[in-house]
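2 protein chains.
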Amino acid sequence: MPKEPARPLVAGIDLGGTNILAAVVDAKNNIIGRAKKKTKSDQSSNEIVGRIVKCLRDCLDAAGVKAGEVAALCVGAPGPLDPPAGVVISAPNLGWSNVPLKALLEKELGIPTLLDNDVNIGTYGEFMLGAGCGAKDMIGIFVGTGIGGGLVLQGRLHRGFNHTAGEVGHLVVKMGGPLCGCGNRGCLEAIAGRAGMVREIAYQISRGRKSLVDKLTGGDLEQARSRVLAEAYAKQDPVVVEVFQAAIEALGVTLGGLVNFLSPDTVVIGGGIAAAMGKPYVDAIAEVARRNAFPQCMKNVRIVPAALGDDAGVLGAALLARESLG
Amino acid sequence: MPKEPARPLVAGIDLGGTNILAAVVDAKNNIIGRAKKKTKSDQSSNEIVGRIVKCLRDCLDAAGVKAGEVAALCVGAPGPLDPPAGVVISAPNLGWSNVPLKALLEKELGIPTLLDNDVNIGTYGEFMLGAGCGAKDMIGIFVGTGIGGGLVLQGRLHRGFNHTAGEVGHLVVKMGGPLCGCGNRGCLEAIAGRAGMVREIAYQISRGRKSLVDKLTGGDLEQARSRVLAEAYAKQDPVVVEVFQAAIEALGVTLGGLVNFLSPDTVVIGGGIAAAMGKPYVDAIAEVARRNAFPQCMKNVRIVPAALGDDAGVLGAALLARESLG
Numbered sequence: 324m325p326k327e328p329a330r331p332l333v334a335g336i337d338l339g340g341t342n343i344l345a346a347v348v349d350a351k352n353n354i355i356g357r358a359k360k361k362t363k364s365d366q367s368s369n370e371i372v373g374r375i376v377k378c379l380r381d382c383l384d385a386a387g388v389k390a391g392e393v394a395a396l397c398v399g400a401p402g403p404l405d406p407p408a409g410v411v412i413s414a415p416n417l418g419w420s421n422v423p424l425k426a427l428l429e430k431e432l433g434i435p436t437l438l439d440n441d442v443n444i445g446t447y448g449e450f451m452l453g454a455g456c457g458a459k460d461m462i463g464i465f466v467g468t469g470i471g472g473g474l475v476l477q478g479r480l481h482r483g484f485n486h487t488a489g490e491v492g493h494l495v496v497k498m499g500g501p502l503c504g505c506g507n508r509g510c511l512e513a514i515a516g517r518a519g520m521v522r523e524i525a526y527q528i529s530r531g532r533k534s535l536v537d538k539l540t541g542g543d544l545e546q547a548r549s550r551v552l553a554e555a556y557a558k559q560d561p562v563v564v565e566v567f568q569a570a571i572e573a574l575g576v577t578l579g580g581l582v583n584f585l586s587p588d589t590v591v592i593g594g595g596i597a598a599a600m601g602k603p604y605v606d607a608i609a610e611v612a613r614r615n616a617f618p619q620c621m622k623n624v625r626i627v628p629a630a631l632g633d634d635a636g637v638l639g640a641a642l643l644a645r646e647s648l649g
Numbered sequence: 324m325p326k327e328p329a330r331p332l333v334a335g336i337d338l339g340g341t342n343i344l345a346a347v348v349d350a351k352n353n354i355i356g357r358a359k360k361k362t363k364s365d366q367s368s369n370e371i372v373g374r375i376v377k378c379l380r381d382c383l384d385a386a387g388v389k390a391g392e393v394a395a396l397c398v399g400a401p402g403p404l405d406p407p408a409g410v411v412i413s414a415p416n417l418g419w420s421n422v423p424l425k426a427l428l429e430k431e432l433g434i435p436t437l438l439d440n441d442v443n444i445g446t447y448g449e450f451m452l453g454a455g456c457g458a459k460d461m462i463g464i465f466v467g468t469g470i471g472g473g474l475v476l477q478g479r480l481h482r483g484f485n486h487t488a489g490e491v492g493h494l495v496v497k498m499g500g501p502l503c504g505c506g507n508r509g510c511l512e513a514i515a516g517r518a519g520m521v522r523e524i525a526y527q528i529s530r531g532r533k534s535l536v537d538k539l540t541g542g543d544l545e546q547a548r549s550r551v552l553a554e555a556y557a558k559q560d561p562v563v564v565e566v567f568q569a570a571i572e573a574l575g576v577t578l579g580g581l582v583n584f585l586s587p588d589t590v591v592i593g594g595g596i597a598a599a600m601g602k603p604y605v606d607a608i609a610e611v612a613r614r615n616a617f618p619q620c621m622k623n624v625r626i627v628p629a630a631l632g633d634d635a636g637v638l639g640a641a642l643l644a645r646e647s648l649g
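Taken in sequence, the protein lines are chains U and R.
Counting in the working numbering, the first sequence runs from 324 upward without gaps.
Counting in the working numbering, the second sequence runs from 324 upward without gaps.
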């Protein structure tokens, strides 16, 4: 039998509004070096790109390898993007507009670079090495400040015609419902994303109701991170419990519809809110989804929490980089 | 150059609650024989299967070919189905429960037979030979009594893990909205399917409003077929116009979300209501969808009326039969 060719080293970067994460991954899909830097999104795009480069160099140093030994790099960035052109069209979180990230990184690092959506890399990481391992058709849903998603169909990341597939947060589940950042009303994200939940909690407080969140954030609700909401929920704060119940219902109803629509074998639910709330939150969403979907569509479908935490993105990116080598 | 092998004859059957349609299709995808019979869904499954067999034999006679010359047959049936087993699990329209349709037809006809969903065959027909010709990622939406759908992804019919994919009518677009036949509230079908629209018209009449539909159906609203609704709409009957506006809004909002979610290049809208209402109806849905989706997701996406009418199903079925030959 011919010997299998050695699989080269690959690298992944997860570019977020708060942190830049980088990892180098070996032939056995182990992370052999990692690094992390603050994004400092108030600075210019040139400065941020400089920090991405520095982060990857730190990560190569940690792994003890040279840039020339890395066969490919994939960066997951917030969008909208033009992946084939390697351009971040617009990233409000970063203050970016039309940044040719692929070209800039290739020039600095000399590594063939791929650009993909930040949620796609997390979905692919969970699919290949995490909670979705062994799946064939998988939906990834990530509940954080907003709600993002990714799709794996027939074992491959589905990007679609405009390279935008996976957008789960802007399915309208309640026509005439709360206003969403996108301008529509009743999007899933407006009800079940952290920003939407905090807005509803603030509204309830403004109506004279009391909530622990007020105290836990020192009255500055903008500081209500996922852990704060999870703490108030654990302490059965009535306002927070109500808001979470509505969020879980909207997530479950949407997910039930998507299971009917796409017939996946696996759904992975991750993101900051899911991580802070733990498995009972995912189980509650799954229960609503099972009640809403047709039994034949839901048969043997797994609905599970994400397993890789912050590593999902860099691992998924690195494996997409490897996949791009053909 | 080696000569391409001749493509064999294939046949397709579209089994509906009212009619059975059959066609034999030649190597160039032309229908060379067709037949049609009443389903008579009040009769036993044995009698209906007998009529399916007779319908295909009539169709073979019309084409002047023998059963042995047909390499494969595909039947599109209402579901839920178990396609690999060839069993119709439950078809309330036909009064069927666990009918092994594939085995029964193979025994009678001696032609290798495939079972698929009635909406999938229509979607595949439009994709291969109709309005979706040239598409790669396509959503088919069929608005009739209910609302069904089908998906083509990467040029192939997407059936998914439970062979149930495409179910677009039971995406919830208005939580707390009108009760749907499936037991949920606010499904797209409950607002925009014919049965849901007629229910709302009946409710408005019961509240004392006047509607042309009352007169056009002789007071028997159950008789309000698609053409009757389209006629009342064309005459600007206020109740019917209102109900259509709500239906078009719900269809457009749902479609906008699905374009965000799946990033198709083409959406084909067909079915009895779409056929009766014509292109302005599809254009109105498309306009709402374009307003609701992200511009980058909607860029260059075609939203078009189905083109094949009743032939979509039998043609799609026949081509799926051919595809099954490998």
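The beta-carbon is built from N, C-alpha and C at its ideal position, and this holds for glycine as well.
Using alpha carbons as the reference points, say which of U/Gly506, U/Pro403, U/Lys351, U/Val496 lies closest to R/Arg613.
Here residue 613 of chain R refers to the residue found at position 290 when the second sequence is read from its first residue. The residue with the shortest Cα to Cα distance from R/Arg613 is U/Gly506.
Grab the span of the alpha helix (DSSP H) containing R/Ser368 for me, first residue to last.
Numbered from its first residue, the second sequence carries residue 368 of chain R at position 45. R/Ser368 -> alpha helix (DSSP H) spans 368-386.
Hey, quick one: how far does the beta strand (DSSP E) through R/Met461 stretch, first residue to last?
The residue given as residue 461 of chain R occupies position 138 in the second sequence. Start and end: 461-466.
Got a sec, what are the start and stop residues for the alpha helix (DSSP H) R/Ala630 sits in?
Working through the second sequence from its first residue, we reach residue 630 of chain R at position 307. Unbroken run through R/Ala630: none, as it is neither H nor E.
Could you name the residues of the same chain whose beta carbon sits closer than 6 angstroms to that of R/Thr436, not counting the 5 residues immediately before and after it, in chain order?
Translated into positions along the second sequence, residue 436 of chain R becomes position 113. Hits under 6 angstroms: Leu396, Lys425, Leu428, Glu429.
Would you list, in chain order, the members of the segment 469-484 of chain U that have their beta-carbon closer than 9 angstroms to a beta-carbon of chain C?
Considering every chain present, this structure includes no chain C. Its protein chains are U and R.
Does DSSP put R/Val491 in a helix, a strand or coil?
For this step, residue 491 of chain R is matched to residue 168 along the second sequence. In the structure shown, R/Val491 sits in coil (DSSP, three-state: anything other than H, G, I, E or B).
Give a yes or no on whether the minimum CB-CB distance between R/Phe567 and chain U is below 8 angstroms.
Along the second sequence, one-based indexing puts residue 567 of chain R at 244. No - not a single Cβ of chain U is within 8 angstroms of the one on R/Phe567.
Which of the three DSSP states, helix, strand or coil, is assigned to R/Cys397?
Numbered from its first residue, the second sequence carries residue 397 of chain R at position 74. In this structure, R/Cys397 counts as strand in the three-state DSSP scheme.
What is the DSSP secondary structure of R/Arg658, reduced to helix, strand or coil?
In the structure as shown, chain R starts at 324 and stops at 649, and residue 658 of chain R therefore has no counterpart that could be examined.
How would you list, in chain order, the residues of chain R whose beta-carbon sits under 9 angstroms from the beta-carbon of U/Asp588?
Counting from one through the first sequence, the residue named residue 588 of chain U turns up at place 265. Under the 9 angstroms cutoff, chain R gives Gly483, Phe484, Asn485.
Can you list, in chain order, the residues of its chain with a C-beta nearer than 7 angstroms to that of R/Gly499? Leave out the 5 residues immediately preceding and following it.
Position 176 of the second sequence, counted from the first residue, corresponds to residue 499 of chain R. For R/Gly499, where only same-chain residues beyond five positions count, the Cβ hits under 7 angstroms are Arg508, Gly509.
Can you confirm whether the segment 485-499 of chain U touches the segment 532-547 of chain U when touching is taken to mean that 3 or more C-beta pairs between the two stretches lie within less than 8 angstroms?
No: the two stretches stay apart, fewer than three of their Cβ pairs being nearer than 8 angstroms.
Classify R/Asp606 as helix, strand or coil using the three-state DSSP reduction.
Your numbering for residue 606 of chain R matches position 283 in the second sequence. Helix.
At 4 residues or longer, and completely inside the segment 495-558 of chain U: list those alpha helix (DSSP H) runs for me, N to C.
Correct list: 511-515, 517-529, 535-539, 549-557.
Does DSSP classify U/Thr577 as helix, strand or coil?
Working through the first sequence from its first residue, we reach residue 577 of chain U at position 254. Of the three classes helix, strand and coil, the one that applies to U/Thr577 here is helix, per DSSP.
Can you tell me whether U/Leu428 is helix, strand or coil according to DSSP?
Numbered from 1 along the first sequence, position 105 holds the residue referred to as residue 428 of chain U. In this structure, U/Leu428 counts as helix in the three-state DSSP scheme.
Can you tell me the Cα-Cα spacing of U/Val442 and U/Gly335, whole angstroms?
Position 119 of the first sequence, counting from 1, holds the residue named residue 442 of chain U. Position 12 of the first sequence, counting from 1, holds the residue named residue 335 of chain U. Roughly 13 angstroms between the two C-alpha positions.
Pick from U/Ala454, U/Thr468, U/Leu404, U/Pro561: whose alpha carbon is nearest that of U/Ala488?
Residue numbering aside, residue 488 of chain U sits at position 165 when the first sequence is read from its first letter. Comparing Cα-Cα distances from U/Ala488 to each of U/Ala454, U/Thr468, U/Leu404, U/Pro561, the minimum goes to U/Leu404.
For the beta strand (DSSP E) that U/Pro440 lies in, which residues bound it at each end?
Taking the first residue of the first sequence as 1, we reach residue 440 of chain U at position 117. According to the sequence shown, residue 440 of chain U is Asn rather than Pro. First-last of the beta strand (DSSP E) with U/Asn440: 436-440.
Tell me whether the segment 628-639 of chain U and the segment 362-370 of chain R touch, counting them as touching only if at least three CB pairs, one residue from each stretch, are closer than 8 angstroms.
Segments in contact, no.
Could you tell me which of R/Val611, R/Ala400, R/Val576, R/Ser529 sits nearest to R/Thr341, measuring between CA atoms?
The sequence position of residue 341 of chain R within the second sequence is 18, counting from 1. Selected option, being the one with the closest Cα: R/Ala400.
U/Leu574 touches chain R at which residues, Cβ-Cβ below 8 angstroms?
Here residue 574 of chain U refers to the residue found at position 251 of the first sequence. Within 8 angstroms Cβ-Cβ: nothing; U/Leu574 doesn't reach chain R, min ~11 angstroms.
Mind checking whether U/Ile462 and U/Glu512 have CB atoms under 8 angstroms apart?
Residue numbering aside, residue 462 of chain U sits at position 139 when the first sequence is read from its first letter. Residue numbering aside, residue 512 of chain U sits at position 189 when the first sequence is read from its first letter. It is not a contact, given that the beta carbons lie outside the stated cut-off.
Could you round the C-beta distance between R/Val333 and R/Val388 to whole angstroms and report it? I think they count as a contact, below 8 angstroms.
By one-based count along the second sequence, residue 333 of chain R stands at place 10. By one-based count along the second sequence, residue 388 of chain R stands at place 65. About 11 angstroms; that fails the 8 angstroms criterion.
Taking the C-alpha atoms as reference points, what is the distance between R/Asn615 and U/Lys538?
In the second sequence, counting from the first residue as 1, residue 615 of chain R sits at position 292. In the first sequence, counting from the first residue as 1, residue 538 of chain U sits at position 215. Spanning the two alpha carbons is a distance of roughly 38 angstroms.
Taking just the CA atoms, how far does R/Ile571 sit from U/Leu438?
For the purposes of this step, residue 438 of chain U is taken as residue 115 along the first sequence, with counting starting at 1. For the purposes of this step, residue 571 of chain R is taken as residue 248 along the second sequence, with counting starting at 1. Roughly 37 angstroms between the two C-alpha positions.
Among U/Asp460, U/Gly457, U/Gly472, U/Trp419, which has the Cα closest to the Cα of U/Ile444?
On the first sequence, residue 444 of chain U is found 121 positions in, with the first residue counted as 1. Nearest C-alpha to U/Ile444: U/Gly472.
Using Cβ-Cβ distances below 8 angstroms, what residues of the segment 447-462 of chain U are close to chain R?
Listed in sequence order: Lys459, Asp460.
What are the start and end residues of the alpha helix (DSSP H) that includes R/Ala599?
If you number the second sequence from 1, residue 599 of chain R lands on position 276. Element bounds for R/Ala599: 595-600.
Can you tell me whether R/Leu452 is buried or exposed, with buried defined as 16 or more other CB within 10 angstroms of its CB?
For the purposes of this step, residue 452 of chain R is taken as the residue at position 129 of the second sequence. Buried is the call here.
Does any residue of chain R bring its CB to less than 8 angstroms from the CB of U/Leu494?
Looking up residue 494 of chain U in the first sequence gives position 171. So yes, U/Leu494 belongs to the interface.
Can you tell me where the beta strand (DSSP E) with R/Ala414 in it begins and where it stops?
Residue mapping note: residue 414 of chain R aligns to position 91 of the second sequence, counting from 1. Counting along the chain, the beta strand (DSSP E) containing R/Ala414 begins and ends at 410-414.
Could you confirm whether any beta carbon from chain U is found closer than 8 angstroms to the beta carbon of R/Ile464?
Along the second sequence, one-based indexing puts residue 464 of chain R at 141. No, its Cβ sits nowhere closer than 8 angstroms to a Cβ of chain U.
For U/Val398 versus U/Leu476, is the C-beta spacing smaller than 8 angstroms?
Here the question's residue 398 of chain U lines up with position 75 in the first sequence. Here the question's residue 476 of chain U lines up with position 153 in the first sequence. No, they are not a contact pair.
Identify whether U/Gly472 lies in helix, strand or coil by the three-state DSSP scheme.
Numbered from 1 along the first sequence, position 149 holds the residue referred to as residue 472 of chain U. It is a strand residue.
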